[in-house]
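Scroll down for the structure; my scribbles are underneath it.
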Amino acid sequence: MRKLNWILALVLMVPAVVLAAGKTELTWYGHSAFKLTTPSGKVLLIDPWITNPANKNGKEDLAKLDKADLVLITHGHFDHVGNSVEIAKKTGAKLVSTFDLGKALATYGGYPEKQMGFDTQGNFGGELNLLDGEVKITFIPAIHSSTVVAPEGSADKDIHDGGNPGGFVVSVKNGPTIYHTGDTDVFSDMALIAKFDKVDVMLACIGGHFTMGPKRAAEAVRLVHPGMVVPMHYGTFPVLDGTPEAFGTALKKEGAKARLRVMKIGETLTF
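Numbering (mature numbering (1 follows the signal peptide of the UniProt record, and there is no 0)), first residue to last: -20 to -1, 1 to 251.
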């Protein structure tokens, strides 16, 4: 009888052990586009311009995306809205964005209105607990701009207000906490992020011209204190001429202690 009870207890423990052993995966598609897969297999896409010019396998990667639970969009510019509408229609993914951006994307940008609402819309400082509590998403401000245009081929040629731009801190249960800066300059209140969340991975724009370049991005890293920093939003267009090499040099000069991890397009990191 004791042996039977021991076996039963072991069997009951297996799901918890398997869940605890799950991994979080982070895939970069180039530019600012990432896929985050949680330990239970939930899929979050951030600024999913999968077919950006830097991703030579963009069309194939987009075709393979047959599952997405959430689409997170930092602001309304085309290079961040990207392929989100096509992905949403194919997968049923809900939109995570500010209310203003969500309204603009539904009204002018083609995102299915039924796939957004109070449960996945918020504003800066707000936190959402989603996917049965497996992820917490915090809305972070950014210094940039945000406009929305209608999909290509639409009769609407106007430029519409997309609310304020932002970024996200995504905390994964039994996984890492990831800060996606969106498009931004460095700002001193970035130091407050570390007051509330220990950032394991910072996805930092470094291209310059429209966002902070390597030197200013290094200062942003110093303020946030992440364990690792991954550069993004560089090299897609000629004007985005910030480089990981210049970023690495600037990190050393600033005394930022984060580990620099330069990802290749299509690469996946496992945590």
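Glycine included, C-beta positions come from ideal geometry on N, C-alpha and C.
| Asked | Found |
| --- | --- |
| Look up residue 60 in the DSSP assignment and say whether it is helix, strand or coil. | helix |
| So residue 200 packs on residue 243, CB below 8 Å; how close in whole Å? | That belief does not hold up - the Cβ atoms of residue 200 and residue 243 are roughly 18 Å apart, past 8 Å. |
| Tell me, please, which residues DSSP counts as bridged to residue 109. | 116 |
| Kindly indicate which three-state DSSP category residue 245 falls into: helix, strand or coil? | coil |
| I want to know whether the stretch 154 to 167 touches the stretch 182 to 193 - three or more CB-CB distances under 8 Å. | yes |
| Residues in its own chain within less than 7 Å of residue 125 by CB, not counting five upstream and five downstream? | 145 |
| For residue 2, I'd like the list of residues in its chain whose CB is within less than 7 Å of its CB, leaving aside the five on either flank, ordered along the chain. | 19, 20, 154 |
| Please report the distance separating the alpha-carbon of residue 43 from that of residue 233. | 42 Å |
| Using a 10 Å radius around the Cβ and a threshold of 16 neighbouring Cβ atoms, would you call residue 14 buried or exposed? | buried |
| So for residue 20, helix, strand or coil by DSSP? | coil |
| How would you label residue 194, buried or exposed, when you count the other beta carbons within 10 angstroms and need 16 or more for buried? | buried |
| Starting from residue 227, trace the alpha helix (DSSP H) in both directions and tell me its first and last residue. | 224 to 234 |
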